[in-house]
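When we follow full-length UniProt numbering, the leftmost residue of the sequence shown carries the number 1, and every step to the right adds one. Read through the structure below, which is laid out as structure tokens, and then see the notes.
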Amino acid sequence: MASQGRHGPRNRASLMLSYLAGLRVGEIATLCWCDLLDGGGKVREQLRLSAAVTKGGHARVVFLNARLRREIEQYRGTLGQHPALLQPVLITQKRSAFSANTLCQLMRSWYDQAGLDGGSSHSGRRWFITRLAHSGISPKAIMMLAGHRHLSTTQRYIDVNDEMMRAAVEVL
1 MASQGRHGPR NRASLMLSYL AGLRVGEIAT LCWCDLLDGG GKVREQLRLS
51 AAVTKGGHAR VVFLNARLRR EIEQYRGTLG QHPALLQPVL ITQKRSAFSA
101 NTLCQLMRSW YDQAGLDGGS SHSGRRWFIT RLAHSGISPK AIMMLAGHRH
151 LSTTQRYIDV NDEMMRAAVE VL
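Structural data, given as structure tokens:
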């Protein structure tokens, strides 16, 4: 749903930044092309979020996997001419940056349109953390990727269901 229509590529890019990099909506809204592109115009393998844009007020490095880098390149290709480096990655119909609140509301509307109850701007981030945990990634690594200072914060994001618990005890 979100990836359809006139703003589909932009909408898809915002969701992919959430699902594949675990970014918060406020972090996504503040991204400029200079954050994502290196000096040669290629999508970086990692970006640095300054303390000013992170929730905890601590700078962190975000790694962009190959799939996300391709998604960003595809999105950039839909923009016609290459955007200026200081231009926001996601722009509104009025050609300005999104506020975190507006992007948050927009993301919620995509989940509602898709019939997914309870979806929010945090759903991609929650999926990112849960998926890493279920893939056996070190809790400390997940904590750092999420930008959390305490493991207990990261643990609250991890969803578990009965099937997972059943499989866990079968390992014994």
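Where a beta carbon is used, it is the ideal one built from N, C-alpha and C, also for glycine.
Is residue i helix, strand or coil by DSSP?
i	result
V43	strand
V89	coil
R60	strand
R48	strand
A97	strand
L20	helix
I72	helix
Considering only C-alpha positions, which residue in the set the options is nearest to residue i?
i	options	result
A168	R149, Q155, G136, K140	G136
P9	R67, R48, T78, M107	T78
G147	A84, T92, R126	R126
R156	D162, H122, E163	H122
R48	Q74, A21, M164	A21
R67	V53, G57, V43, L85	V43
Could you compute how far the alpha carbon of residue i sits from the alpha carbon of residue j?
i	j	result
V89	I158	29 Å
R149	L172	32 Å
Q81	S109	29 Å
A51	S99	18 Å
V160	P139	15 Å
R166	Y19	26 Å
K55	R95	25 Å
M144	R60	8 Å
Q105	G26	12 Å
L15	P83	20 Å
A13	D162	33 Å
In terms of residues, what are the limits of the alpha helix (DSSP H) holding residue i?
i	result
L37	Segment: none, L37 is in no alpha helix (DSSP H) and carries neither H nor E.
C104	100-113
R126	123-134
R166	162-170
V25	25-30
T78	Unbroken run through T78: none, as it is neither H nor E.
S152	151-155
L145	139-146
Compute every distance between the C-beta of residue i and the non-hydrogen atoms of the ligand PLP, then say whether any falls below 8 Å.
i	result
A21	Although the ligand PLP was asked about, the structure shown includes no ligands whatsoever.
So with Cβ pairs under 9 Å, would you call residue i a contact of chain C?
i	result
F63	No chain C is present in this structure, which holds just one protein chain.
**OP:** Please determine if the segment 101-121 and the segment 33-42 are in contact, where contact requires at least 3 C-beta pairs separated by less than 8 Å.
**Re:** With the cut-off at 8 Å, the segment 101-121 and the segment 33-42 do not touch.
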